[in-house]
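Here's the structure, in structure tokens; my notes come after.
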Amino acid sequence: MRPTDFSNNTNELLSFRCASYRDTCQFVCGYNSSNFEPTYHPCTSPYMIFGLINNIQYQFSLIATDDVGNTGEEVTISWIVDNEAPVVSNLSTAFVTCGAPTHPNITGVPIVTDNQDFAPLLTFVDDFTPDCSISRVWKATDAAGNSATSRQSLVIDIILPPQINIPTFRLLACDDNLESELDILNPQQVGTPVFHPCGHPLRVTFSDDVAVKQCGSEFTRFWTVMDDCGNVVGAQQRIQILELVLPESPANGEVNVALTAFLSWPSYPGAISHRVYIWRYEDERPMEPAKETTELMYRPSSPYPHGARMLWQVEYVIAGEVTIVPSPIWGFITRSFPDLTVGEIVIPDFAFSGQAIAISWEVSNVGQMGVPGTGRLDYVYFSLLPDPTDLEFSNFEYVERFVDPGDGHIVTSTWILPEDLVGTYFVFVETDVSRAVEDIDRSNNLIRSDGTVEIRLTPPPDLQVSDVIVPSSSFSGLEIEVRWSVDNVGFGVTRGAVWFDQISLSSDGVLDRQDHRLATVRHDGILSVGSGYSGIATVIPERVFGTFQVIVETDVSVLFTSTYLKTTMN
């Protein structure tokens, strides 16, 4: 926190910190007027300076040192103390004609001077006084916030009474607004508004000759308009309340109305056209109709908002004197729909090809109807580009979840990446690609991750057979026990959890088709880098004699890089 270039404070509070919130700094600071050099001393934030003098320029300097001794550059700010208000000249009384412009260019603008600010802000406010004149208050504010005022009188030479021009006869629809006080100043309700030729404010009241209004009846309304000078004018208006009329479709108060439903209404004798107004319940009736038509039916050019309370009204245009006959204000509620949206996508900073990756995303229902738990498909795909056109890898996640309006849930899914997928990828999630949900707005169903995931090439494992142990001699047709060890001496974990070790009997020590296959042993479980396992099998060499070598080969299906080991037995 620092002062502005001009300040009217005699005491100034300054706040400061290190540029990084993670650093802890020590500060030395000093302040001085423009005529003296600063004297530095240790300080902390916030720092208060007292006793500042008007019309003096001050300078505050600050040097910071972090915990490891790095010292930053000196930071200096300066400002001028100004606590003198501007001087505003007085203007003489201006005489204006009723209805003539009262712009300051005509009535005069005061002269403003200030000790520091060469162009203070000048504004004015007009107030009508009981003697029918205008009191104009000028206010000048300088850059430091000091202000001063000056008052000017504008005298109207001839005061004219208010003007009132309302229809002597009016038709009112039979609806819930019969007892409301119509705004005579609103041209949409009463036609040409009342006004004051001199621009003075008006107070409008009325009284009716009946206490209770009923559909199909008439009454007289007496309007009274008074200005602030005591002038009073009145007008009398005859009002006829029409009989109650209901719409054809949708029914008044109907719910679950389709978003593109037709509106239809009954005819009125002599009507040559119909002005259709439609608006939301919480809004004002629009000034212009949605459409003027000669038909008794209207279909919206765009869908109504879903789950909304709508109001509508028809004005019948009658031939001859172009009389407007209003219908009651009718209403209906449109059908509600769910609206799924995808929120934040959570991805790891990096992953490895051929390995598992976990992706999470949030799905919320911002609509007004729940999502049934019948199931949907969410689509996740990877792209090297920040748009979904460059598809590299994708997968589907089936989700069965009921989602209430305003509710949401987290979806987490894990897949095995392709072995050849390498690079930096954006992740996209699109919910309900199967269109199982009657979603009102699918523009928010697709989102891209804020960051990227780096998919690195997975280093391969290297299985190596060691320590093959067999008896030194045996007889054909007798059981022998073979023991061996397998170690992963590579740089990556085995991707599969199942492979097979094979035991062979070779006369020449070379593994080929002529060797006798004694056994194939299944191994279950992954093997991490630097780990191993031991195997044991009982085999029976048959119809052989002589000196042989026992060969143990791991991963005979060649899932990974591997070696075999042989040992001699007679």
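At position 121 of the sequence shown the residue is numbered 346 (my numbering), and the sequence of numbers has no breaks.
Positions of the beta carbon are idealized from the N, C-alpha and C atoms, including for glycine.
### Message
Taking the alpha-carbon of L752 as reference, which of D687, N456 and T322 has the nearest alpha-carbon?
### Response
D687
| task | Quick one: measure Cβ to Cβ for S585 and I641, integer angstroms, because I've assumed they're closer than 8 Å. | result | Contact doesn't hold; Cβ gap of about 17 Å is too wide.
*Under the three-state reduction of DSSP, which class applies to N330: helix, strand or coil?*
helix
Open item on the list: Which residue wins for smallest C-alpha separation from L277, given the options V350, E468, S303 and L610?
Closed with: S303
query: Among residues of its own chain, excluding the 5 on either side of E513, which ones have a beta-carbon nearer than 6 Å to its beta-carbon?
result: none
Query raised in the report: What's the C-alpha gap between V337 and D367?
Result: 10 Å
Q) What are the boundary residues of the beta strand (DSSP E) that Q739 is part of? A) Unbroken run through Q739: none, as it is neither H nor E.
Does Q306 pass the burial test, meaning 16 or more other C-beta atoms within 10 Å, or should it be called exposed?
In the sequence as displayed, the identity of residue 306 is Val instead of Gln. Answer is buried; the Cβ neighbour count reaches 16.
Discussion item. By the three-class DSSP mapping on this structure, what secondary structure does R667 have?
Written reply: helix
| message | Quick check on A576 - is its C-beta less than 7 Å from some C-beta in chain B? | response | Within the model displayed, chain B is absent; a lone protein chain is all it includes.
- request: Grab the span of the beta strand (DSSP E) containing K438 for me, first residue to last.
  value: Unbroken run through K438: none, as it is neither H nor E.
Kindly indicate the opening and closing residues of the beta strand (DSSP E) around R534. R534 to I543
Continuous beta strand (DSSP E) stretch holding H634: start and end: G633 to I641
Do the segment 419 to 427 and the segment 377 to 389 make contact, defined as three or more Cβ pairs closer than 8 Å?
yes
Bridge partner(s) assigned by DSSP for P263 = Partner(s): none; P263 has no beta bridge.
Buried or exposed: S375, going by 16 or more other Cβ atoms within 10 Å of its Cβ?
-> buried
Under three-state DSSP, which class holds V754? coil
Quick one: give me the first and last residue of the beta strand (DSSP E) that N481 is part of. E479 to V482
Practice item. Return yes when the Cβ of L397 is within less than 7 Å of the Cβ of V321, no when it is not. Key: no
**Asked** What residue range is occupied by the uninterrupted beta strand (DSSP E) comprising Q580?
**Response** Careful: Q580 lies outside any beta strand (DSSP E) and carries neither H nor E.
**Prompt:** Helix, strand or coil: which one does DSSP assign to Y246?
**Reply:** coil
| query | Going by DSSP, which residues form a beta bridge with P551? | reply | E540
Fill in: Counterpart residues of L287 in DSSP-defined beta bridges
C254 and V300
Checklist line | Candidates C357, H328, G370 and V334: closest to Q341 by CA position | finding: G370
- For V300 and M273, the rounded distance between their alpha carbons: 17 Å
- Item | Own chain, CB closer than 7 Å to F770, minus 5 neighbours either side, in chain order | S701
Q) DSSP three-state call for C268: helix, strand or coil? A) strand
May I ask you to list the residues that DSSP assigns as paired with L379?
A319 and I359
CA-CA distance, E540 and V419?
24 Å
Three-state secondary structure (DSSP) of A515:
coil
- Query: Considering only C-alpha positions, which residue in the set A325, S245 and S756 is nearest to L291?
  - Reply: Per the sequence shown, residue 291 should be read as Asp rather than Leu. The residue with the shortest Cα to Cα distance from D291 is S245.
Q) Taking buried to mean at least 16 other C-beta atoms within 10 Å of its own C-beta, is D603 buried or exposed? A) buried
Legend entry - Rounded straight-line distance, which links the Cα of F621 to that of S699: 58 Å
So T393 packs on Q462, CB below 8 Å; how close in whole Å?
-> 6 Å
Practice problem: Would you mind reading off the limits of the beta strand (DSSP E) that contains T485? | Solution: Looking at the DSSP string, T485 is not in any beta strand (DSSP E), and its letter there is neither H nor E.
Exercise. Beta carbon of P493, beta carbon of V458: below 7 Å?
Worked result: Here residue 493 turns out to be Tyr, not Pro, going by the sequence shown. Not in contact: Y493 and V458 (Cβ atoms no closer than 7 Å).
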